[in-house]
Amino acid sequence: MDREYLSEREANNYSPLSLAFLGDSVYDTLVREHLLRQANMPVAKLHSAKVKLVCAEFQSDAYDKLAEVLTEREIAVLKRGRNATGNTVPKHAEAAQYRRATAVESLFGYLFLTGRNERIRELFGIMVPEEKNNG
Numbered sequence: 004m005d006r007e008y009l010s011e012r013e014a015n016n017y018s019p020l021s022l023a024f025l026g027d028s029v030y031d032t033l034v035r036e037h038l039l040r041q042a043n044m045p046v047a048k049l050h051s052a053k054v055k056l057v058c059a060e061f062q063s064d065a066y067d068k069l070a071e072v073l074t075e076r077e078i079a080v081l082k083r084g085r086n087a088t089g090n091t092v093p094k095h096a097e098a099a100q101y102r103r104a105t106a107v108e109s110l111f112g113y114l115f116l117t118g119r120n121e122r123i124r125e126l127f128g129i130m131v132p133e134e135k136n137n138g
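This is the structure in structure tokens:
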């Protein structure tokens, strides 16, 4: 499926929460693919493993790892996402964690819209390193 990528300027026209809306899906898909490739296991186990990687706490912890390797432009997108104000915070996350998780999702949405798929995978690899199978 071909899609037309946006320029950085065009992508910046979207609100950080809109970018996070898309970025949540991009990140979720990467997590699902990662888990599926790790092992053929029952769906219930896949789901449990996924929940641990897509929760606000995990994404918030990844925020600092990512911030160390981002370009100035990417840091600006990350900060816009972190500073966005939404009306809801999940019961299982603190407001600060949720804002940092939203920042990460905003970045993934921005990179997806601008066609930076290799960069998305690179950053995902920092967040969720590949497990080495010794078998």
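Just so you know, we're using my numbering here: the sequence shown kicks off at 4 and counts up by one. Built from N, CA and C at the ideal position, the CB exists for glycine as well.
The C-beta distance from A14 to T117 rounds to 5 Å, short enough to fall under 8 Å.
Scanning its chain for C-beta atoms nearer than 7 Å, with the 5 sequence neighbours on each side dropped, one finds around I78 the residues A70, in chain order. DSSP places K94 outside both helix and strand once states are collapsed to three, so it counts as coil. Residues of the same chain with a CB within less than 6 Å of the CB of D27, apart from the 5 flanking positions on each side, are E108 in chain order. Taking all protein chains in view, the Cβ of H37 is crowded by 16 or more other Cβ atoms within 10 Å, so the residue is classified as buried. R6 carries a coil assignment under DSSP once its states are collapsed to helix, strand and coil.
V29 has its alpha-carbon roughly 17 Å from the corresponding atom of Y101. I123 and K55 have their C-alpha atoms some 20 Å from each other.
Judged by DSSP in its simplified three-state form, P19 adopts helix. The shortest CA-to-CA distance from P19 to any of Y8, H50, L114, E121 is the one to L114.
For the options E7, A87, H95, the alpha carbon positioned closest to that of Y17 is the one of A87.
C58 and P132 have their C-alpha atoms roughly 17 Å apart. Here DSSP, grouped into helix, strand and coil, assigns R35 to helix.
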